[in-house]
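Read through the structure below, which is laid out as structure tokens, and then see the notes.
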Amino acid sequence: MKIYLPLDSAAVALGADEIAHAIGVHARSKGVALDLVRNGSRGMVFLEPMAEVETPAGRMAFGPLTPADVPALFGDLAAHPKALGLIDDLPWMKAQTRLTFARCGVIDPLSIDDYRAQGGFVGLKRALAMSKAEIVAEVTNSGLRGRGGAGFPTGIKWKTVSEAEADRKYIVCNADEGDSATFADRMLMEGDPLTLIEGMVIAGLATGATKGFVYIRSEYPIAIDVMQKAVVLARDEGVLGASVLGSAHAFDMEIRVGAGAYVCGEETSLLNSLEGKRGVVRAKPPLPALQGFMGKPTVVNNVISLASVPVIFEKGAEHYKTFGLGRSRGTIPLQIAGNVKHGGLYEIAFGLSLGEIVDKIAGGTASGRPVKAVQVGGPLGAYFPRALFDTPFGYEEFAGKDGLIGHAGLTVFDDTADMLKQARFAMEFCAIESCGKCTPCRLGAVRGTETIDRIARGDAAAIPLLTDLCNTMKAGSLCALGGFTPYPVMSALSHFPDDFNAMKEAAE
Amino acid sequence: MLDSADIATRVEEILNVHKGMEGALLPILHAVQADFGFVPPEALPIIAKDLNISKAEAHGVMSFYHDFREKPAGRHVLKLCRAEACQAMGGDRVAAHAQKALGVDWHETTADGAVTLDPIFCLGLCACGPAAMLDGKLIGRIDEARIDAIIGDIK
Ligand SMILES: Cc1cc2nc3c(=O)[nH]c(=O)nc-3n(C[C@H](O)[C@H](O)[C@H](O)COP(=O)(O)O)c2cc1C
Ligand code: SF4
Ligand code: FES
Ligand code: FES
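If you're matching them up, the sequences are chains C and D in order.
Residue numbers for the first sequence, in my numbering: 472 to 979.
Residue numbers for the second sequence, in my numbering: -16 to 138.
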């Protein structure tokens, strides 16, 4: 009997290890030969822990499971109280366009055979037959833009590194994923780590880099463990090492662990951290593409940017590009979080409206109360009111509404949320996580929390001060931590003025 | 208790494992903390000398990162997520309950040394918040009752 049960952090946090234990005990007591595969998550966090049982008709899903539901997995499956049906028929799965996450949840993350059987290394083999310039052109043609937040065209970044002259070059994968509401990097590393490795090897071929690092935040122990094992597997398989798949190209990589600093997700801070220094942001120029890790040309890309590369080579840039909207090409793994009925990861072409995502896919709030606000793009992203729910999900479209898509995390809040409190938290977070280099960020954020406290106490004169302070932070910050903290603050203030209105508070 | 000689021996072992590594300081500090539960003050000069940096620089790096402890933590470490997606699910309320039940503020350890309460900003469990980590174990949808049960178990 073959059963799949995720090793994914969210599944484990909801009890997957206890379910796995119960499945093992029960199979032994019934004398059933058990093949238990710990896979990645399909992304339906609201159904985790979710097991899949292989049947002649396909994989049948069951969840959310408690240990009490385990014995019935060994009986009449159709009658199981938690039976969800065939996994491929579930509406959540069917409506997605899974390109980057095609294998996540499907395969054993640490089985090279599974990986190959599902299209693994097809892209890499195609890239091995191409010149550096052709590989770069393929990425450029795909329209892929950085999924870490800034949306910079990946092909252009690679071209700069590719054409730089140096004795050594590096590929650095940014797996710091510090934004609240984001977990796509984590899910991919836990569920399909070889895809990230394959993408990094292709980046190495494109640029002439021979060494890679994955900088994973320390808050992700399972992702760190799976990635470390995957690197060993890839080395044994000859995908990493002195001769990539028997070619004349060398590429190897190391997994590094962050140490709990949000700002280390910023690429230059991350490079300092990798070099063993304080994670202070560097002024640009020089660009990391020219002087990055140890002063050498370096590609710094987000996990999802790099993990989208194999499918671009497997299916072709033209195919990838057909998905999307305007200048946002391809697919985006939406991460639906906070107070939602159906939370999780949903990969789809750019272009859905915010309202479709929140009302249809997420199914509204978990509490059943009306949605008040959605923060899009993590702690530096704006709070959107329902009035802006027609905004299509794309880089330019969100920028046009004074927001950003960032790493595509969405946090839904119901009507009990106090937007003044959310604005204060944004300032507090900036103050805690500031690298300390710029005064408007380091001190401005502290001043910001004090100013918001004054507003909360009924001092309406502090409102223009807050606006001024935000303008100073925007103009005078070196990086987006200080520079974008005004987004959540100002959006809260402008879209939810009642929450900043002390008169109303006093009248209540 | 560890004496300085023990610490020196173990730090030297860790340094040997990291010889030749590019940018080895963070991996070394992680390894030291994994061994001792914190970074003992005696360890820093040894590390600094090995990496050919000043003691002040080594200390500056260590103190920049939230993860590294200069003092031992309690016997158990409870980390509660304070970030937005967990706030949307009542994380602040659960955190306030934990602080009250333990009688500590953030970053503090209970008087009996049993529990250190730390804030954490996102565990990537944002679709099943509020999230927590107890001695490295992940917990989703934590609530007041679960906090009480945890405290009951470890006290
Ligand atoms: C404060 C701050 C935090 C950031 N955190 C991350 C992060 O966790 N992951 C990430 O990929 N990019 C993060 N970025 C963006 C990176 O600086 C950089 O743009 C990105 O890694 C480039 O990769 P991409 O082009 O593939 O997106 C952050 C930026 C700032 C200013
Ligand atoms: S804006 Fe803040 S975090 Fe960014 S470089 Fe300046 S001080 Fe550092
Ligand atoms: S201190 Fe530099 S902009 Fe205000
Ligand atoms: S916001 Fe709490 S786990 Fe992500």
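We put the CB at the ideal spot given by N, CA and C, even for glycine.
Quick caveat: nothing in here was measured; it's all calculated off a predicted structure.
DSSP puts C/Arg530 in a beta bridge; with which residues?
-> Residue mapping note: residue 530 of chain C aligns to position 59 of the first sequence, counting from 1. BP columns for C/Arg530 point to C/Glu525.
DSSP three-state assignment for D/Pro28, whether helix, strand or coil = As a first step, residue 28 of chain D is located in the second sequence; it is residue number 45 there, counting from the start. Residue state, collapsed to three classes: helix.
8 angstroms Cβ cutoff, D/Ile122 in contact with chain A | Looking at the structure shown, chain A is missing, and the protein chains on hand are C and D.
Give a single yes or no on whether C/Leu952 has its beta carbon closer than 7 angstroms to a heavy atom of ligand 1.
-> Position 481 of the first sequence holds residue 952 of chain C. At least one heavy atom of ligand 1 is nearer than 7 angstroms to the Cβ of C/Leu952, so yes.
Please say whether C/Thr568 and C/Thr802 have beta carbons closer to each other than 8 angstroms?
-> For the purposes of this step, residue 802 of chain C is identified with residue 331 of the first sequence, where counting begins at 1. For the purposes of this step, residue 568 of chain C is identified with residue 97 of the first sequence, where counting begins at 1. Annotated as proximal: C/Thr802 and C/Thr568, with beta-carbon spacing under 8 angstroms.
Listed by chain order, chain C residues near D/Gly43 by CB distance under 9 angstroms = Taking the second sequence and counting its residues from 1, one reaches residue 43 of chain D at position 60. Ordered by position in chain C, the residues that pass the 9 angstroms Cβ test against D/Gly43 are Lys748 and Arg749.
Partner residues on chain D for C/Ala701, Cβ-Cβ distance less than 7 angstroms | Reading the first sequence from its first residue, position 230 is the one you call residue 701 of chain C. Near C/Ala701 there are no residues of chain D at all, since even the closest Cβ is about 18 angstroms away, more than 7 angstroms.
Determine the burial state of D/Lys62: buried for a count of at least 16 other Cβ atoms within 10 Å of its Cβ, exposed for fewer.
-> Walking along the second sequence from the start, residue 62 of chain D turns up at place 79. Per the 10 Å Cβ criterion, buried.
Proximal residues of chain D, C-beta to C-beta of C/Ile807 below 8 angstroms | In the first sequence, counting from the first residue as 1, residue 807 of chain C sits at position 336. Against C/Ile807, the close residues of chain D are Ala110, in the order they occur along the chain (beta-carbon pairs closer than 8 angstroms).
Exposed or buried, what is C/Phe623 when buried is set at 16 or more other beta-carbons lying within 10 Å of its beta-carbon?
-> In the first sequence, residue 623 of chain C corresponds to position 152, counting from 1. The residue in question, C/Phe623, is exposed, as its Cβ has fewer than 16 Cβ neighbours within 10 Å.
Please confirm whether any heavy atom of ligand 1 lies closer than 7 angstroms to the CB of C/Phe623.
-> Against the first sequence, residue 623 of chain C aligns to sequence position 152. Flag set: Cβ of C/Phe623 near ligand 1.
beta-carbon C/Gly907 near ligand 2 non-hydrogen atom, thresh 7 angstroms = Locating residue 907 of chain C in the first sequence gives position 436, where the first residue counts as 1. Flag set: Cβ of C/Gly907 near ligand 2.
For D/Ser46, is the beta carbon positioned less than 7 angstroms from some heavy atom of ligand 6?
-> Among the ligands in the structure shown, ligand 6 does not appear; only ligand 1, ligand 2, ligand 3 and ligand 4 can be found there.
For the beta strand (DSSP E) that contains D/Gly135, what are its first and last residues?
-> Along the second sequence, one-based indexing puts residue 135 of chain D at 152. Premise fails: D/Gly135 lies in the alpha helix (DSSP H), Glu127 to Ile137, not in any beta strand (DSSP E).
Following the continuous beta strand (DSSP E) through C/Met554, name the residue where it begins and the one where it ends.
-> Position 83 of the first sequence, counted from the start, is the residue given in the question as residue 554 of chain C. The sequence as given places Ala at residue 554 of chain C; Met does not occur at that position. Where C/Ala554 is concerned, the enclosing beta strand (DSSP E) stretches over Ala554 to Leu557.
Report yes if the CB atom of C/Lys767 is closer than 8 angstroms to the CB atom of C/Lys640, and no otherwise.
-> Start at 1 with the first residue of the first sequence, and residue 767 of chain C comes out as number 296. Start at 1 with the first residue of the first sequence, and residue 640 of chain C comes out as number 169. For C/Lys767 and C/Lys640, yes; Cβs fall inside 8 angstroms.
For C/Val516 versus C/Val643, is the C-beta distance shorter than 8 angstroms?
-> Mapped onto the first sequence, residue 516 of chain C falls at position 45. Mapped onto the first sequence, residue 643 of chain C falls at position 172. No, the pair does not count as a contact, with Cβ atoms beyond the cut-off.
Where does C/Glu725 sit, in a helix, a strand or coil, going by DSSP?
-> Translated into positions along the first sequence, residue 725 of chain C becomes position 254. Strand, per DSSP.
Taking only heavy atoms of ligand 2 into account, decide whether any of them is closer than 7 angstroms to the Cβ of C/Cys644.
-> Looking up residue 644 of chain C in the first sequence gives position 173. C/Cys644: no, Cβ never under 7 angstroms from ligand 2.
Answer with buried or exposed for C/Asn772, where buried requires no fewer than 16 other C-beta atoms within 10 angstroms of its C-beta.
-> On the first sequence, position 301 is the one that residue 772 of chain C refers to. Result: buried.
Chain D partners of C/Gly731, CB-CB under 9 angstroms?
-> Taking the first sequence and counting its residues from 1, one reaches residue 731 of chain C at position 260. Neighbours of C/Gly731 on chain D, chain order: Tyr48, His49, Asp50, Phe51, Ile103 and Phe104.
Residue range of the alpha helix (DSSP H) that D/Gly73 falls in?
-> Taking the second sequence and counting its residues from 1, the one referred to as residue 73 of chain D is at position 90. Unbroken run through D/Gly73: none, as it is neither H nor E.
Same chain, Cβ closer than 7 angstroms to C/Gly852, five either side skipped, listed in chain order | Within the first sequence, numbered from 1, the residue matching residue 852 of chain C stands at position 381. Excluding sequence neighbours, C/Gly852 sits near Gln846, Gly874, Leu875, Gly877, Tyr958 and Pro959.
Indicate, with yes or no, if ligand 4 has a heavy atom lying under 7 angstroms from the CB of C/Gly852.
-> In the first sequence, counting from the first residue as 1, residue 852 of chain C sits at position 381. Of the heavy atoms belonging to ligand 4, none sits nearer than 7 angstroms to the Cβ of C/Gly852.
Taking C/Gly717 as the reference, which of C/Asp930, C/Leu595 and C/Asp559 has the closest Cα?
-> By one-based count along the first sequence, residue 717 of chain C stands at place 246. Minimum Cα distance to C/Gly717 is reached at C/Leu595.
Rounded to whole angstroms, what's the CA-CA distance from D/Cys111 to C/Leu964? Just pull it up for me.
-> In the second sequence, the residue the question calls residue 111 of chain D occupies position 128. In the first sequence, the residue the question calls residue 964 of chain C occupies position 493. If I take the Cα positions, the gap works out to 28 angstroms.
C/Gly626 to C/Asp886, Cα distance in whole Å?
-> Sequence index remark: in the first sequence, residue 626 of chain C carries index 155 (1-based). Sequence index remark: in the first sequence, residue 886 of chain C carries index 415 (1-based). Between C/Gly626 and C/Asp886, the alpha-carbon positions lie close to 42 angstroms from each other.
Quick one: list the residues of chain C neighbouring D/Glu5, beta-carbon separation under 7 angstroms, in chain order.
-> Residue mapping note: residue 5 of chain D aligns to position 22 of the second sequence, counting from 1. Result: Met765.
Listed in chain order, which residues of the region 681 to 707 of chain C have Cβ atoms closer than 7 angstroms to some Cβ of chain D?
-> Cβ contacts with chain D: Ser689, Glu690, Tyr691 and Pro692.
When every heavy atom of ligand 1 is checked, does at least one fall within less than 7 angstroms of the C-beta of C/Asp650?
-> Against the first sequence, residue 650 of chain C aligns to sequence position 179. Yes; taking the cut-off as 7 angstroms, the Cβ of C/Asp650 has a heavy atom of ligand 1 nearer than that.
Three CB pairs or more closer than 8 angstroms across the region 670 to 687 of chain C and the region 704 to 723 of chain C | Touching, yes.
Pairwise C-alpha distance: C/Gly822 and D/His13 | For this step, residue 13 of chain D is matched to residue 30 along the second sequence. For this step, residue 822 of chain C is matched to residue 351 along the first sequence. D/His13 and C/Gly822: Cα-Cα distance of roughly 42 angstroms.
Can you check DSSP and say which residues form a bridge with D/Cys64?
-> What you label residue 64 of chain D is simply residue 81 of the second sequence in a count that begins at 1. Partner(s): D/Ile103.
Give the residues of chain C in contact with D/Pro28, contact being defined as C-beta atoms less than 8 angstroms apart.
-> Position 45 of the second sequence, counted from the start, is the residue given in the question as residue 28 of chain D. Within 8 angstroms Cβ-Cβ: nothing; D/Pro28 doesn't reach chain C, min ~16 angstroms.
DSSP three-state call for C/Tyr641: helix, strand or coil?
-> In the first sequence, counting from the first residue as 1, residue 641 of chain C sits at position 170. When secondary structure is reduced to three states using DSSP, C/Tyr641 falls in the strand class.
Identify every run of the alpha helix (DSSP H) within the region 684 to 739 of chain C, keeping only runs that are complete inside it and at least 4 residues long; order them along the chain.
-> Within the region 684 to 739 of chain C, the complete alpha helix (DSSP H) runs of at least 4 residues are 692 to 707.
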